[in-house]
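If you read the protein sequences in the order shown, they are chains A and B. Residue numbering for the first sequence follows this note's numbering, starting at 8 and increasing by one per position. Residue numbering for the second sequence follows this note's numbering, starting at 625 and increasing by one per position. Cβ atoms here follow ideal geometry from the backbone N, Cα and C, with glycine treated the same way. Beneath this line is the structure, given in structure tokens, with notes to follow.
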Amino acid sequence: MIATPSSADLHELVGLVQATDMRLQQLAHDGIIGPHHACAGEEPTLVGAAAALDENDWVFWGSQVCVPALTRGMDVGLLFSEAFTPGATQSELAERKIVTKTHGAAARLPHATGLAWAARQDGVAVLCELGDGAISDADFHVGVNFAAVMNAPVVFVVRNGVDAPAVTPRAIGYGIRSTRVDGMEATEVKDVVSNALDEARTGTGPVLIEAVTQRGRQTYKGANIAFGEQIESAITAAERARHATRAARG
Amino acid sequence: MATMNIIQAVNSALVNAMEADANVVVLGEDVGKFGGVFRATAGLHEKFGSDRVIDTPLSESGIIGTAIGMALYGMNPVAEIQFADFIFPGYDQIVSELAKYRYRSGGHFTTPVVVRTPYGGGIKGGLYHSQSPESLFAHIAGLKVIIPSSPYDAKGLLLSAIADDDPVIFMEPKRVYRAARGEVPETPYTIPLGEAHIVHGGDDVTVVAYGAMVHTVLEAASIAKDEHDLNVEVVDVRSLVPLDVDTIVDSAKKTGRVIVVHEAPKTCGFGAELTATIQEAAFWHLEAPIERVTGLDTPFPHTLEDEYLPDASRIVQALLRATDE
Chain A
8 MIATPSSADL
18 HELVGLVQAT
28 DMRLQQLAHD
38 GIIGPHHACA
48 GEEPTLVGAA
58 AALDENDWVF
68 WGSQVCVPAL
78 TRGMDVGLLF
88 SEAFTPGATQ
98 SELAERKIVT
108 KTHGAAARLP
118 HATGLAWAAR
128 QDGVAVLCEL
138 GDGAISDADF
148 HVGVNFAAVM
158 NAPVVFVVRN
168 GVDAPAVTPR
178 AIGYGIRSTR
188 VDGMEATEVK
198 DVVSNALDEA
208 RTGTGPVLIE
218 AVTQRGRQTY
228 KGANIAFGEQ
238 IESAITAAER
248 ARHATRAARG
Chain B
625 MATMNIIQAV
635 NSALVNAMEA
645 DANVVVLGED
655 VGKFGGVFRA
665 TAGLHEKFGS
675 DRVIDTPLSE
685 SGIIGTAIGM
695 ALYGMNPVAE
705 IQFADFIFPG
715 YDQIVSELAK
725 YRYRSGGHFT
735 TPVVVRTPYG
745 GGIKGGLYHS
755 QSPESLFAHI
765 AGLKVIIPSS
775 PYDAKGLLLS
785 AIADDDPVIF
795 MEPKRVYRAA
805 RGEVPETPYT
815 IPLGEAHIVH
825 GGDDVTVVAY
835 GAMVHTVLEA
845 ASIAKDEHDL
855 NVEVVDVRSL
865 VPLDVDTIVD
875 SAKKTGRVIV
885 VHEAPKTCGF
895 GAELTATIQE
905 AAFWHLEAPI
915 ERVTGLDTPF
925 PHTLEDEYLP
935 DASRIVQALL
945 RATDE
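Quick look at the structure:
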């Protein structure tokens, strides 16, 4: 069962994501877990977008998979299990229709388009998030162009750090709708993405959303304190599980 | 039973698969209203409509990439790449995405996509309509690589490929698309992936080949019998991955002399894999070195196609070297 958070929960979710993300970053920095791509202050965009999903919608997500996982009700402990023992939570992610770990910045865009097209008659929309780096990749063009031509119900959300070139004008060339939103306001992002997903479900084709963010800015300084106890016990459990797995392998 | 060429057999397989399962869709450049550059999808658009026979924009990465997305949702897309030479813009999607979804998702997401593509020389197509890139796919874990040589095999193997849970690169020998003809049932049937086929029995020497080269090898075997009284066994690999090691090695043990033939360049061609596999398993049975008769280590030529491609004469010369006491 996929939980859809209410607006009232959004700020708490942003805090939980940030606390989780910062702790993962620290564990990676200390060499305790593998590399971690941090949310880097873009949590409001990520959480707002993921919170806009309906239960049947699919998600194509980049590195910060903790966001749709937590937003769709996955236990924070499982995220640390995944960090300590990669692969541990694949079934939980798949159950939540979260597709992740594509290899390039934009490789997942055509997948999102193809799935959205396949699901177009089932009242399903697809959310595909990406960073501004991905818009230089050939697969950005391929994914958005195919979505426009095939009229696929997919919403592309681009996190655009300040001073990067504007993304929305590109939509003109594809003949699709686009919106720019303040990416540092989770509720605004959620509303815009939610409307776009609703529109896409009615069969009016893809939408390109540009969320303007301030990368690197830490928004919720108190996050570690608020969620500290929950996260530290999750880490202890995940570490213990990894020791047990390794011991079992001899 | 009807007499069909390979194009008609492929078309018949697609019709059977699409009639049996609404999740089977065909996509590619000009596969719809036009019926495909080689007519392999002729009539499908009229029969099944534009939601199941999809004309795509000109982008191989888009064809493969959207097919992956459709497969994730439970469909069975059959993507056509007009020529194997054009597949490289989609190579990243095949290697990095299509081949790896099952592995990286712990088996929770599978991508049962079939990529059909005509390959090989012999049609005066020059550099970009003649290449044989099969070993570039055979080297990628997570892909199956199938190359039929006859209409009967083309249909049975394609239906197995479409039914498979994992991605299959299905390479069609375009030189014999229409030249190879044979009896093919109009009803569905399957040939298991991973089984080689002995198309001509013999005790003196084994030739291992696949695709259009099987026909050239059969021509050479006939000459070798008539002019040199050699009984040549011809093994059609059919399935490069998974490879039927037993059938190939058993033949090598029986004759003790082996030649491997393909039209791709020699260096790192699939013949290297076949040769190594045979010597690992049958070294003490071999009476002569295993020779490779292949295309040349050059880009595919515009004008010297006949010099580039292995022909019956080159194969007969190799057979004589292999059987020289």
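Reduced DSSP category for residue i - H, G, I as helix; E, B as strand; rest coil
i: Asn700 (chain B); result: strand
i: Asn640 (chain B); result: helix
i: Pro713 (chain B); result: helix
i: Tyr776 (chain B); result: helix
i: Arg166 (chain A); result: strand
i: Asp679 (chain B); result: strand
i: Asp28 (chain A); result: helix
i: Met157 (chain A); result: helix
i: Gly652 (chain B); result: strand
i: Ser70 (chain A); result: coil
i: Ser264 (chain A); result: The structure shown has nothing for residue 264 (chain A), since chain A only spans 8 to 257.
i: Asp950 (chain B); result: The displayed coordinates of chain B run from 625 to 949. Any statement about residue 950 (chain B) would go beyond what the structure contains.
i: Leu215 (chain A); result: strand
i: Asn635 (chain B); result: helix
i: Thr627 (chain B); result: strand
i: Arg805 (chain B); result: strand
i: Ile39 (chain A); result: coil
i: Glu89 (chain A); result: helix
i: Pro51 (chain A); result: helix
i: Pro812 (chain B); result: coil
i: Asp850 (chain B); result: helix
i: His909 (chain B); result: helix
i: Gly138 (chain A); result: strand
Bounding residues of the beta strand (DSSP E) (the contiguous stretch that carries residue i)
i: Thr879 (chain B); result: Looking at the DSSP string, Thr879 (chain B) is not in any beta strand (DSSP E); the run it does join, the alpha helix (DSSP H), is 869-879.
i: Ser863 (chain B); result: 863-865
i: Pro889 (chain B); result: 882-889
i: Gly750 (chain B); result: Segment: none, Gly750 (chain B) is in no beta strand (DSSP E) and carries neither H nor E.
i: Tyr743 (chain B); result: 738-743
i: Thr830 (chain B); result: 829-833
i: Lys798 (chain B); result: That residue, Lys798 (chain B), is in no beta strand (DSSP E); it is neither H nor E in DSSP.
i: Glu102 (chain A); result: Counting along the chain, Glu102 (chain A) falls outside any beta strand (DSSP E), though it belongs to the alpha helix (DSSP H) covering 97-102.
Minimum Cβ-Cβ distance from residue i to chain B less than 8 Å
i: Gly121 (chain A); result: yes
i: Met8 (chain A); result: Here the model assigns Met8 (chain A) a pLDDT of 43, short of 50, so the residue's position is not dependable, and the following value carries that caveat. Chain B contact via Cβ: absent.
i: Val24 (chain A); result: no
i: Gly140 (chain A); result: no
i: Ala145 (chain A); result: yes
i: Gln97 (chain A); result: yes
i: Ala248 (chain A); result: no
i: Phe153 (chain A); result: yes
i: His118 (chain A); result: yes
i: Gly130 (chain A); result: no
i: Trp68 (chain A); result: no
i: His44 (chain A); result: no
i: Lys7 (chain A); result: Here chain A has residues from 8 to 257 only, and residue 7 (chain A) is not among them.
Unbroken alpha helix (DSSP H) run spanning residue i, endpoints
i: Asp205 (chain A); result: 193-208
i: Arg728 (chain B); result: 725-728
i: Tyr181 (chain A); result: 177-181
i: Val940 (chain B); result: 936-946
i: Glu721 (chain B); result: Neither: Glu721 (chain B) is in no alpha helix (DSSP H) and is coded neither H nor E.
i: Thr901 (chain B); result: 894-906
i: Thr922 (chain B); result: Thr922 (chain B) -> no alpha helix (DSSP H), and no H or E assigned at all.
Residue i vs residue j beta-carbon contact at 8 Å
i: Phe710 (chain B); j: Glu684 (chain B); result: yes
i: Val174 (chain A); j: Leu116 (chain A); result: no
i: Ala787 (chain B); j: Ile872 (chain B); result: no
i: Ala58 (chain A); j: Thr78 (chain A); result: yes
i: Asp139 (chain A); j: Ala114 (chain A); result: no
i: Lys953 (chain B); j: Pro742 (chain B); result: In the structure as shown, chain B begins at 625 and stops at 949. Residue 953 (chain B) is therefore absent and cannot be evaluated.
i: Thr220 (chain A); j: Arg166 (chain A); result: yes
i: Gly212 (chain A); j: Ala155 (chain A); result: yes
i: Val151 (chain A); j: Phe163 (chain A); result: yes
Residue i at chain A interface by Cβ criterion, 8 Å
i: Thr927 (chain B); result: no
i: Glu653 (chain B); result: no
i: Met642 (chain B); result: no
i: Ala765 (chain B); result: no
i: Ser729 (chain B); result: yes
i: Ile692 (chain B); result: yes
i: Ala900 (chain B); result: no
i: Pro791 (chain B); result: no
i: Gly689 (chain B); result: yes
Using a Cβ-Cβ cut-off of less than 9 Å, list which residues of the region 697-716 of chain B approach chain A; keep chain order. Tyr697, Gly698, Met699, Pro701, Pro713, Asp716
Any C-beta of chain A within less than 7 Å: which residues of the region 733-750 of chain B qualify? Phe733
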